[in-house]
Every structure is written in structure tokens, then in C-alpha cells.
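Chemist:
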Amino acid sequence: MAEALAHGANVNWVNEEDESKTPLIQAVMGGSLIACEFLLQNGADVNQRDIRGRAPLHHATYLGHTGQVCLFLKRGANQHAVDEDGQDPLSIAVQAANADIVTLLRLARMNEEMREAEGPYGHPGDATYLDIFRDFSHMASNNPEKLNRRSLHFHPSYR
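Everything in the sequence shown is counted per full-length UniProt numbering, starting at 1 for the first residue and increasing by one.
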């Protein structure tokens, strides 16, 4: 991946033969938090969607990749975006009964609402919110297996 980018590959390239998936979406599907971070550090668009309107956050949520969800939220992923089925990441997490991801998404929404209510002179983020995201990030880096909780009986129509 590093070599391809060094030779001028487009980090946001769209694979038309695979539902317009980007390298970042492919990294999500492969389960690699490190590859996702590498792509984001090299300019990958955290909100670029595939042909079904699903961004990396949708895919990470569906697959139960809590560390990736945390990463994308910290990088400014749009958690309000809906896919072609009208699903946003929170509704996907609720249907999958993934408590960790539901918690992260709800905390991120709450923090966003608090910042909007405080206006331009408010604080950059609630300390509790930042602490929780730091803890999830630490766990995702050091014990990623603890965060894998994908429901195998969830949403058969998710392609």
C-alpha cells in the first residue's frame, strides 16, 4: 500500500468493479485498524461512500469493528449519513445489539450537540467524552479482540 501511494496511487480510488469500494472501505472489510489509520494519514476521505451509500463508518459498524468506529468518529466521520436502505450507523449498531458501538455513536452525538449548543466560545470537547474515546482507542490498539462483537444473526440483506 505504501509503495502504491509512493508511486502516485490515488488513496481515494474507487473500484467500479466492486460496488465502488475505496481502499479505506476495503481496509475496514479486512479488519485492519492499522491500514485504516495509514490510509487516513495519507488523505483518505473518511466519508467517501460506495455504490450503496455506505461510508467506512457504516461498514465498520455492521462488522462490529469497534476500534475502527472509534477511529472514524475521531477523524470526523459523518454519523448522520444514511445508506440506500435509510440506515445510519447508529441504527445499524442498535439492530446488531452492539452495545460498545451504540455507546460510542451516542456519546459522539451528545458531544456534537453540546459543542453546537455552546457556540463558538465553547470547549472543544467534553472531558468524559475524550476520556472514553481515549480508552477505546487504547483498547483497540492493545487488545483488539476484546472489541470484536459482531452478531452473526444480523441483517441478512446487508451486502
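Heads up, the beta-carbon is just placed ideally off N, CA and C, and yes, glycines get one too. From a predicted model like this one, the values you see are computed outputs, not experimental measurements.
What residues in its chain sit with their C-beta under 6 Å from that of L90, if we drop five residues either side in the sequence?
Modeler: Contacts found: L105.
Chemist: Looking at the unbroken alpha helix (DSSP H) that takes in H59, where does it start and where does it end?
Modeler: 56 to 63
Chemist: For the alpha helix (DSSP H) containing A93, list its first residue and its last residue.
Modeler: DSSP places A93 inside the alpha helix (DSSP H), whose first and last residues are 89 to 96.
Chemist: Leaving out five residues before and five after L73 in sequence, what residues of the same chain have Cβ atoms less than 6 Å from its Cβ?
Modeler: A108
Chemist: For the stretch 35 to 43 and the stretch 80 to 94, state whether three or more C-beta atom pairs, one from each stretch, are separated by less than 8 Å.
Modeler: no
Chemist: Relative to the C-alpha of I51, which residue among T22, C36, C70 is closest?
Modeler: T22
Chemist: According to DSSP, simplified to helix, strand and coil, what is N111?
Modeler: Collapsing the DSSP output to three states places N111 in a helix.
Chemist: Which of helix, strand or coil does DSSP assign to H7?
Modeler: coil
Chemist: Alpha carbon to alpha carbon, what distance is there between E112 and H155?
Modeler: Summary for H155: the model assigns pLDDT 48, below 50, so the residue's position carries little reliability, and this model does not support an answer.
Chemist: To the nearest whole angstrom, what separates the beta carbons of V11 and P56, a pair I think is in contact under 8 Å?
Modeler: The Cβ separation is near 13 Å, so there is no contact.
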